[in-house]
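K.L.:
Dumping the structure here so I can ask a few things about it.
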Amino acid sequence: MAKTILQENLLQDIASIAVKDLAGLTGESAAFFEYDGKEIKLIAKSEVANSYHYLKLLSSDVHSPNNAFIYSILPFIPTQESDSFFAKNELVFNFDESLVKDDFDAIREKKYFIRKERYERADITRICVPVFGKDKIVGSVGVTINSHNVHAEDMEQILQHCLATARSIEYKL
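What follows is the structure, encoded as structure tokens:
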């Protein structure tokens with residue numbers, strides 16, 4: 040029991056530092072969603088001034104929708120669990136079932152997921168990278184970018200920072 044508690048605290052501590060560093064490197068809001076084998080939950084977030092969250096009509100305490108982070112975790116968990124998750128959250132995901140297999144294959148191969156979204160006051164891009172501990176997925180780290188003025192080379196650099204952050208977390212676990 041002590042090992043489980045210490046390991047959970049270790050992940051939260053590592054993720055908190057990594058997310059803060061990622062936000063500093065990219066100048067964008069960053070987050071880490073943990074998958075503990077049962078639930079996916081936000082355990083670390085770092086917001087920056089002028090980020091998407093500060094443009095939202097909702098409170099910045101609400102990290103919603105966070106489905107891109109969750110979506111980047113689902114390809115690495117048993118199909119029965121991911122299907123169950125979709126069944127419970129279909130309205131949140133607003134997904135096209137025919138594209139899920141191709142999306143999941145791409146996420147497994149590339150080890151990252153990029154979703155562009157349009158909101159009332161912003162074009163945003165979420166870059167989400169799965170994080171593994173030993174042989175299982177432990178979560179997803181990434182950024183939410185207010186992206187309507189971001190150049191392609193800047194987007195690539197942000198992606199590389201997200202990938203490096205994920206690998207750094209894995210190394211520390």
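Heads up: the sequence shown is residues 40 to 212, going by the working numbering.
A virtual CB, placed ideally from N, CA and C, is assigned to each residue, including glycine.
(1) Which value, in whole angstroms, describes the spacing of the CA atoms of Glu-195 and Glu-120?
(2) Are the region 177-188 and the region 60-78 in contact at 8 Å, needing three or more beta carbon pairs?
(3) Can you list, in chain order, the residues of its chain whose CB lies under 8 Å from that of Ile-176, leaving out five sequence neighbours each side?
(4) Under DSSP, the beta strand (DSSP E) around Tyr-158 begins and ends at which residues?
(5) Tell me whether Arg-86 is buried or exposed, calling it buried when 16 or more other Cβ atoms sit within 10 Å of its Cβ.
(6) How about Asn-105 and Leu-81: do their beta carbons lie closer than 8 Å?
(7) If we call anything under 8 Å between Cβ atoms a contact, is Ala-57 one with Ser-207?
(8) Within this structure, are the beta carbons of Cys-167 and Phe-108 separated by less than 8 Å?
(9) Would you mind working out which of Gly-63, Phe-143, Leu-138, Glu-67 sits nearest Val-189, comparing C-alpha positions?
(10) When DSSP labels each residue in this structure, what does Ile-68 get in the three-state scheme?
(11) Buried or exposed for Arg-165, going by 16 or more other Cβ atoms inside 10 Å?
(12) Using 10 angstroms around the beta-carbon of Lys-149, count the other beta-carbons present and answer buried if the total reaches 16, otherwise exposed.
(13) Pull up the CB-CB distance for Asn-185 and Ile-163, whole angstroms please, since I reckon it's below 8 Å.
(14) Determine the DSSP secondary structure at Ser-186, reduced to helix, strand or coil.
(15) From this set, Asp-60, Gly-76, Lys-173, which residue's C-alpha is nearest Glu-209's C-alpha?
(16) Taking the alpha helix (DSSP H) that Lys-77 falls in, what are its first and last residues?
(17) Got a sec, what are the start and stop residues for the beta strand (DSSP E) Ala-88 sits in?
(18) How long is the line joining the alpha carbons of Ile-79 and Asp-52, rounded to whole angstroms?
P.N.:
On the basis of the coordinates in this document:
(1) Taking the sequence shown and counting its residues from 1, one reaches residue 195 at position 156. Taking the sequence shown and counting its residues from 1, one reaches residue 120 at position 81. Rounded to whole angstroms, Glu-195 to Glu-120 spans 32 Å at the Cα level.
(2) yes
(3) Start at 1 with the first residue of the sequence shown, and residue 176 comes out as number 137. These residues qualify, in order along the chain: Tyr-74, Ile-112, Phe-115, Ile-116, Pro-169, Val-170.
(4) Here residue 158 corresponds to residue number 119 of the sequence shown, with the count starting at 1. From DSSP, the beta strand (DSSP E) with Tyr-158 extends over 152-158.
(5) Looking up residue 86 in the sequence shown gives position 47. Per the sequence shown, the amino acid found at residue 86 is Glu instead of Arg. Glu-86 is buried by the Cβ-count criterion.
(6) The count along the sequence shown starts at 1 and reaches residue 105 at position 66. The count along the sequence shown starts at 1 and reaches residue 81 at position 42. Yes, these two residues count as a Cβ contact at 8 Å.
(7) As a first step, residue 57 must be located in the sequence shown, where it is residue number 18. As a first step, residue 207 must be located in the sequence shown, where it is residue number 168. Result yes, Cβ atoms of Ala-57 and Ser-207 sit closer than 8 Å.
(8) Start at 1 with the first residue of the sequence shown, and residue 167 comes out as number 128. Start at 1 with the first residue of the sequence shown, and residue 108 comes out as number 69. Closer than 8 Å, so yes.
(9) Taking the first residue of the sequence shown as position 1, residue 189 is located at position 150. The candidate whose alpha carbon is nearest that of Val-189 is Glu-67.
(10) The residue labelled residue 68 in the question sits at position 29 within the sequence shown. Checking the sequence shown, residue 68 turns out to be Ser, not Ile. Annotated three-state conformation of Ser-68 is strand, per DSSP.
(11) Locating residue 165 in the sequence shown gives position 126, counting from the first residue. Buried: at least 16 other Cβ atoms inside 10 Å.
(12) Here residue 149 is taken as the residue at index 110 of the sequence shown, counted from 1. Exposed, because fewer than 16 other Cβ atoms sit within 10 Å of the Cβ of Lys-149.
(13) By one-based count along the sequence shown, residue 185 stands at place 146. By one-based count along the sequence shown, residue 163 stands at place 124. Indeed, because the Cβ distance is near 6 Å, the residues count as touching under 8 Å.
(14) The residue labelled residue 186 in the question sits at position 147 within the sequence shown. Of the three classes helix, strand and coil, the one that applies to Ser-186 here is coil, per DSSP.
(15) Residue numbering aside, residue 209 sits at position 170 when the sequence shown is read from its first letter. If you compare the alpha carbons of Asp-60, Gly-76, Lys-173 with that of Glu-209, the shortest gap goes to Lys-173.
(16) To locate residue 77, count along the sequence shown from 1; it is residue 38. Element bounds for Lys-77: n/a, residue is neither H nor E.
(17) Counted from its first residue, the sequence shown places residue 88 at position 49. Careful: Ala-88 lies outside any beta strand (DSSP E) and carries neither H nor E.
(18) Taking the first residue of the sequence shown as position 1, residue 79 is located at position 40. Taking the first residue of the sequence shown as position 1, residue 52 is located at position 13. Straight-line Cα distance between these residues: approximately 17 Å.
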